[in-house]
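Numbers 57 to 519, taken from the working numbering, label the letters of the sequence shown in order.
Where a beta carbon is used, it is the ideal one built from N, C-alpha and C, also for glycine.
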Amino acid sequence: MSRSAHPAGPRHADVLPEGHYTAPPTDLNVLDEKVWSRTVARDADGALTVGGIEVARLAEEFGTPAYFLDEADFRARCRAWADAFGADADVYYAGKAFLSRAVVRWLHEEGLNLDVCSGGELTTALDAGMPAERLAFHGNNKTTDEIERAVEAGVGRIVLDSFQEIVRVAHVAQRLGKRQRVQIRVTVGVEAHTHEFIATAHEDQKFGIALAGGLAAEAVRRALTLDGLELTGIHSHIGSQIFDMAGFEVSARRVVQLLAQVRDEHGVELSEIDLGGGLGIAYTSADDPREPHEIAKALGDIVTRECEAAGLATPRISVEPGRAIVGPTAFTLYEVGTIKPLEGLRTYVSVDGGMSDNIRTALYDAEYSVSLVSRSSDAEPMLVRVVGKHCESGDIVVKDAFLPADLAPGDLIAVPATGAYCRSMASNYNHALRPPVVAVREGRARVIVRRETEEDLLRLDVG
Ligand code: LLP
57 MSRSAHPAGP
67 RHADVLPEGH
77 YTAPPTDLNV
87 LDEKVWSRTV
97 ARDADGALTV
107 GGIEVARLAE
117 EFGTPAYFLD
127 EADFRARCRA
137 WADAFGADAD
147 VYYAGKAFLS
157 RAVVRWLHEE
167 GLNLDVCSGG
177 ELTTALDAGM
187 PAERLAFHGN
197 NKTTDEIERA
207 VEAGVGRIVL
217 DSFQEIVRVA
227 HVAQRLGKRQ
237 RVQIRVTVGV
247 EAHTHEFIAT
257 AHEDQKFGIA
267 LAGGLAAEAV
277 RRALTLDGLE
287 LTGIHSHIGS
297 QIFDMAGFEV
307 SARRVVQLLA
317 QVRDEHGVEL
327 SEIDLGGGLG
337 IAYTSADDPR
347 EPHEIAKALG
357 DIVTRECEAA
367 GLATPRISVE
377 PGRAIVGPTA
387 FTLYEVGTIK
397 PLEGLRTYVS
407 VDGGMSDNIR
417 TALYDAEYSV
427 SLVSRSSDAE
437 PMLVRVVGKH
447 CESGDIVVKD
457 AFLPADLAPG
467 DLIAVPATGA
477 YCRSMASNYN
487 HALRPPVVAV
497 REGRARVIVR
507 RETEEDLLRL
517 DVG
């Protein structure tokens, strides 16, 4: 159906560029399982359930806006990644996507490792009992204090991101009488097909040390001479929300070339290669992510082939998926407030959250889908833009979507696939209170990160 032929709601925007939104699905009540977590379903009355609990009950108990995290799905995804990569490889969950003590415990129980990138993430991981040797510590500007805490705790690896850091970590380790296992993060010069702000392997950006111009080889040279460091491998992360394996292929090839160069120059075969995270998920029905076993096979094949060609033993591979594990496992539940039909354009649906609980739409032009979840509806679809309650016109949660034309204030709507980089990037803009994260599993729901309160705001404001 062409959008201008669409029957209900205000007439549609002929001013919008083509491809900005797709035609409405034939039945808005049908859930696309690609974008919803595994235990989400509609009950006999058409209301959404997660882990067997109806969303209206969840809203009553925990309020809105709130993130609901499907624990069974999270654990199943951890296991799928661990099984796919097997005993000869390591999976590090990227904590920046979403981290809490409950999540750390689930990771531990499911046998995953954890990538942390700040003192705060390190503390959360250790406090929840993750063994330090299963942590990788990242960051382009780790403070000396953070480095000391990481080395003292005995983190399994520190990923070195600059020449200065090579020296800093070596000094700290020596001072503490330790030899720290490290990898060097290189930038391989790949243009990942993703938003500019989340692409990380091209050369004109802040992360890593470039392979180009022999810089990475020089970094290896220096790291090998320092007593405080045990250089175990090379790290590359090319960006995020990537579907095309071609970028990983180029990245792996270039990293293996560096390993071969290191062997030729120093007679040392580094035993690890980390290809980072960045695997894409389905935010809308248009996205087709790969399964972990396909990714594991593709990456394993690439590295093995390149190493064979270079006459190297295949190193131990590790990966760092964040979004691909937690992203699909949560949705944000909102209550509909004001509904404003704009004749000839679209209907603006305001919810009780916004850019403070999901900055991704404003920041990256990210696409999301949305569904009416407190009931089903046979009303015609209407073109909507779901917006928040912040004082800013860019405060958009879902740019283009369809909801039933009988949508009313008080209805509950949910945005799926908000598990990654939504709560972790949430803010207090306009003194909004950051929503809770509620874990749901087998008929039980429990808060794992509580809702912020106005007292929390005032406590930080020391007057
Ligand atoms: N490893 C490293 C070294 C990283 O820098 C990142 C993400 C990951 C792993 C995990 O990437 P993932 O698998 O989650 O895509 N805020 C942005 C994403 C920034 C990602 C930063 N680094 C977003 O909301 O899309």
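Query: Please state the DSSP three-state secondary structure of Arg372.; Result: strand
Query: I need the straight-line Cα distance from Glu259 to Val159, nearest angstrom please.; Result: 34 Å
Query: Would Ile329 pass as a contact of Pro371 if the rule is Cβ separation under 8 Å?; Result: yes
Query: Are the segment 474 to 487 and the segment 95 to 110 in contact at 8 Å, needing three or more beta carbon pairs?; Result: no
Query: Over the uninterrupted beta strand (DSSP E) stretch that includes Ala150, give me the two end residues.; Result: 145 to 150
Query: What is the DSSP secondary structure of Leu355, counted as helix, strand or coil?; Result: helix
Query: Assess contact between the segment 390 to 409 and the segment 112 to 125, defined as three or more Cβ pairs (one per stretch) separated by less than 8 Å. Is contact present?; Result: yes
Query: Quick check on this structure: which residue in Leu191, Arg441, Pro121, Glu362 has the alpha carbon closest to the alpha carbon of Leu401?; Result: Arg441
Query: Please report the distance separating the alpha-carbon of Asp146 from that of Val375.; Result: 7 Å
Query: Could you compute how far the alpha carbon of Ala365 sits from the alpha carbon of Leu516?; Result: 58 Å
Query: Run through the segment 280 to 308 for me and flag every whole beta strand (DSSP E) of 3 or more residues, listed as ranges in chain order.; Result: 285 to 291
Query: Got a sec: does the ligand LLP put a non-hydrogen atom nearer than 7 Å to the Cβ of Ala138?; Result: no
Query: Could you pull out every residue in the same chain whose Cβ sits closer than 7 Å to the Cβ of Val311, ignoring the five residues on either side in sequence?; Result: Val242, Val244, Ile290, Ser292, Ile329
Query: Does the ligand LLP have a heavy atom nearer than 7 Å to the CB of His258?; Result: no
Query: Just to confirm, does Thr82 get its C-beta within under 7 Å of one of the non-hydrogen atoms of the ligand COA?; Result: As for the ligand COA, it is missing from this structure, which binds only the ligand LLP.
Query: Span of the beta strand (DSSP E) holding Arg515?; Result: It is not in any beta strand (DSSP E) - Arg515 instead sits in the alpha helix (DSSP H) that spans 510 to 516.
Query: Would Cys134 be called buried (16 or more neighbouring beta carbons within 10 Å of its own) or exposed?; Result: buried
Query: Between Thr46 and Pro80, what straight-line distance do the alpha-carbon atoms span, to the nearest angstrom?; Result: It is not possible to answer for residue 46, since the shown part of the chain is limited to 57 through 519.
Query: For the ligand LLP, any of its heavy atoms closer than 7 Å to the Cβ of His227?; Result: no
Query: Would you say Glu221 touches the ligand LLP, meaning its beta carbon is less than 7 Å from a heavy atom?; Result: no
Query: Which whole runs of the beta strand (DSSP E) in the segment 471 to 505 are 3 residues long or more, in chain order?; Result: 493 to 497, 500 to 505
Query: What did DSSP end up calling Arg213 once you bin it into helix, strand or coil?; Result: strand
Query: Helix, strand or coil: how does DSSP classify Gln317 here?; Result: helix
Query: Heavy atom of the ligand LLP less than 7 Å from the Cβ of Gln297, yes or no?; Result: yes
Query: Mind pulling the beta strand (DSSP E) runs of 3 or more residues that sit fully within the segment 103 to 165?; Result: 104 to 106, 122 to 126, 145 to 150
Query: Under 6 Å Cβ to Cβ from Ile358, same chain only, skipping five residues before and after it: list those, please.; Result: Glu305, Ala308
Query: When you compare only the Cα positions, how much space is there between Ala128 and Pro384?; Result: 12 Å
Query: Spatial neighbours of Gly410 within its chain, please: C-beta separation below 7 Å, excluding the five flanking residues on both sides.; Result: Val443, Gly444, Lys445, His446, Asp451, Val453
Query: Tell me the rounded alpha-carbon separation between Arg98 and Leu335.; Result: 29 Å
Query: So for Arg98, helix, strand or coil by DSSP?; Result: strand
Query: Considering only C-alpha positions, which residue in the set Glu202, Ile203, Asn196 is nearest to Ser218?; Result: Asn196
Query: Reducing DSSP to helix, strand and coil, say where Gln239 ends up.; Result: strand
Query: Can you look up Tyr390 in the DSSP assignment and give me helix, strand or coil?; Result: strand
Query: Counting only runs that start and end within the segment 165 to 221, where is the beta strand (DSSP E) found for 3 or more residues in a row?; Result: 169 to 172, 191 to 193, 213 to 216
Query: Report the rounded CA-to-CA distance for Gln239 versus Ile294, giving the unit in angstroms.; Result: 16 Å
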